[in-house]
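Count the sequence shown with the UniProt record's numbering and you get residues 1 to 299, in order.
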Amino acid sequence: MVVVICGAELARSSKYKELYFILLIGAISIIVNALIFPTAQAGHFQENYGRFSGFYLNPNTAGSICLVGFAISFSIANRNLKLIGQFLLTLAGILTFSRTFILIWVIINLFAILQSKKNLLLPLVGTIVLILIFTFSNKLTLNAERFTALKSIFGSEQVDSKTINEDSRTHTWSLYYDKIMDRPFFGNGWRKFSGRPGGLPGVHNTYLLVIGEAGFIPFFILLGIYIFLLVKSLRGFKIRPELFYISLVISLTLMASHTYFSNFYLIFLSMFVFAELIKSPHNSLVSNTNDDTISISTI
């Protein structure tokens, strides 16, 4: 209820730099988790789990948070602050060993290079991060299977596709297809796709969660919201690419997460993007200039 009542006003009042610094603190907590407290999650995972999440407790959530910070970094005018943040967020994201993080990070980089040739240096940030992790891996408690799979992608040995595809989301989704088809109009009810009843692992897909629990009408509403955010932000891609990147991160993260209604950062960020998109009259977008003042650019 706090999100519903206060979230929109908070989203309208939030500034990019405020969110950026908060997410940088979160990214640093992931790095500290890996370097100083590598077994801090032993109470929830096995001691040598080797995937780190800092303040966020769950490495998949931590990876998504790092992606949001990485997307927001494109709005930062100060080049040094921008590059330092991109380095820390990339390093923290890699340390989560989230496959979703790596995939979306690559996609954002491709769009960023299309948006501006100045972003050609971005892959260098990822390269430096990987070199550091590979160099100091023997001093870190890393997830052995996922680290080996990551290393195989960039090494001369055969790519470890078994680990990359192990426990894949598509397999998890397939466990719920029959349940969706059984009750497509009104769904199966609240929490039925969260993994608690029946011993299933949870659907790990918000779109399937909504259609499976509530039916096709809420599903189309949810789909419509994120299509709107993607299309609207894409129209202003050249002016404010960060809004498209954030929308892209949220939309793709929803395909790998089923905590949308219990972990509210995605809902808040959706409100933030929506507030930014409609802030200016006549379908205008605001763009940050070098001195951090705001200028209006009509699409």
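No residue lacks a Cβ here, since even glycine has one placed at the ideal position from N, Cα and C.
Could you check what DSSP says for residue 291 in three-state terms: helix, strand or coil?
In the sequence shown, counting from the first residue as 1, residue 291 sits at position 291. Low confidence applies to residue 291: its pLDDT is 41, below 50, so where it sits in the model is not reliable, and the reading given next is rough at best. Three-state DSSP puts residue 291 in coil, outside helix and strand.
Measuring CB atoms only, is the stretch 241 to 253 touching the stretch 214 to 225, in the sense that at least three cross pairs come out at less than 8 Å?
no
Helix, strand or coil at residue 112 [DSSP, three-state]:
Here residue 112 refers to the residue found at position 112 of the sequence shown. If DSSP states are grouped into helix, strand and coil, residue 112 belongs with the helices.
Specify the secondary structure class of residue 151 as computed by DSSP and reduced to three states.
Taking the first residue of the sequence shown as position 1, residue 151 is located at position 151. Helix.
Our contact map puts residue 34 next to residue 69 with C-beta atoms below 8 Å; I'd like the distance itself, whole angstroms only.
If you number the sequence shown from 1, residue 34 lands on position 34. If you number the sequence shown from 1, residue 69 lands on position 69. Incorrect: roughly 17 Å between the Cβ atoms, too far for contact.
Three-state secondary structure assigned by DSSP to residue 278
By one-based count along the sequence shown, residue 278 stands at place 278. Correct three-state label for residue 278: helix.
Residue 105 classed as buried or exposed, judged by whether at least 16 other C-beta atoms fall within 10 angstroms
For the purposes of this step, residue 105 is identified with residue 105 of the sequence shown, where counting begins at 1. By the 10 Å Cβ count, residue 105 comes out buried.
Should the stretch 170 to 189 be regarded as contacting the stretch 79 to 95, the criterion being three or more beta carbon pairs within less than 8 Å?
no
For residue 1, which three-state DSSP category applies?
Along the sequence shown, one-based indexing puts residue 1 at 1. Note: residue 1 maps to coil in three-state DSSP.
Alpha carbon of residue 50 to alpha carbon of residue 144, nearest angstrom
Position 50 of the sequence shown, counted from the start, is the residue given in the question as residue 50. Position 144 of the sequence shown, counted from the start, is the residue given in the question as residue 144. Computed Cα separation, rounded: 7 Å.
Taking DSSP as the reference, what is the three-state secondary structure of residue 220?
Working through the sequence shown from its first residue, we reach residue 220 at position 220. DSSP places residue 220 in helix when its eight states are reduced to three.
By DSSP, does residue 105 sit in helix, in strand, or in coil?
Residue numbering aside, residue 105 sits at position 105 when the sequence shown is read from its first letter. Three-state DSSP puts residue 105 in a helix.
Quick one: what does DSSP say residue 6 is sitting in, helix, strand or coil?
By 1-based counting over the sequence shown, the position of residue 6 is 6. In this structure, residue 6 counts as helix in the three-state DSSP scheme.
Buried or exposed: residue 185, going by 16 or more other Cβ atoms within 10 Å of its Cβ?
Start at 1 with the first residue of the sequence shown, and residue 185 comes out as number 185. The residue is exposed, with fewer than 16 neighbouring Cβ atoms inside 10 Å.
DSSP state of residue 255, grouped into three classes?
What you label residue 255 is simply residue 255 of the sequence shown in a count that begins at 1. Three-state result, residue 255: coil.
Own chain partners of residue 89 with C-beta closer than 6 Å, once the 5 adjacent residues on each side are dropped:
On the sequence shown, residue 89 is found 89 positions in, with the first residue counted as 1. These residues qualify, in order along the chain: 27, 66, 69 and 70.
Tell me whether the beta-carbon of residue 201 lies closer than 8 Å to the beta-carbon of residue 170.
Along the sequence shown, read from residue 1 onward, the residue named residue 201 stands at position 201. Along the sequence shown, read from residue 1 onward, the residue named residue 170 stands at position 170. No, the Cβ-Cβ distance between residue 201 and residue 170 is not below 8 Å.
Examine chain D for any beta-carbon lying closer than 8 Å to the beta-carbon of residue 240, and answer yes or no.
This model lacks chain D altogether; it includes just one protein chain.
According to the Cβ coordinates, are residue 264 and residue 3 closer than 8 Å?
Translated into the one-based positions of the sequence shown, residue 264 becomes position 264. Translated into the one-based positions of the sequence shown, residue 3 becomes position 3. The answer is yes: Cβ separation under 8 Å.
Between which two residues does the alpha helix (DSSP H) harbouring residue 183 extend?
Counting from one through the sequence shown, the residue named residue 183 turns up at place 183. No alpha helix (DSSP H) holds residue 183; DSSP gives it neither H nor E.
What span of residues does the alpha helix (DSSP H) with residue 176 cover, start to end?
Position 176 of the sequence shown, counting from 1, holds the residue named residue 176. Where residue 176 is concerned, there is no enclosing alpha helix (DSSP H), given that its DSSP letter is neither H nor E.
Just the C-alpha distance for residue 279 and residue 153, rounded to the nearest angstrom, thanks.
By 1-based counting over the sequence shown, the position of residue 279 is 279. By 1-based counting over the sequence shown, the position of residue 153 is 153. Residue 279 and residue 153: Cα-Cα distance of roughly 43 Å.
May I ask you to report which of helix, strand or coil DSSP gives residue 123?
For the purposes of this step, residue 123 is taken as residue 123 along the sequence shown, with counting starting at 1. Residue 123: helix per DSSP, three-state reduction.
What residue range does the alpha helix (DSSP H) around residue 16 cover?
What you label residue 16 is simply residue 16 of the sequence shown in a count that begins at 1. First-last of the alpha helix (DSSP H) with residue 16: 16 to 35.
Just verifying my parser: in three-state terms, what is the DSSP assignment at residue 62?
Here residue 62 refers to the residue found at position 62 when the sequence shown is read from its first residue. DSSP places residue 62 in helix when its eight states are reduced to three.
Quick check on the burial criterion: 16 or more other C-beta atoms within 10 angstroms. Buried or exposed for residue 231?
Counting from 1 along the sequence shown, the entry for residue 231 is found at position 231. Burial call: exposed.
Which of the three DSSP states, helix, strand or coil, is assigned to residue 192?
To locate residue 192, count along the sequence shown from 1; it is residue 192. If DSSP states are grouped into helix, strand and coil, residue 192 belongs with coil.
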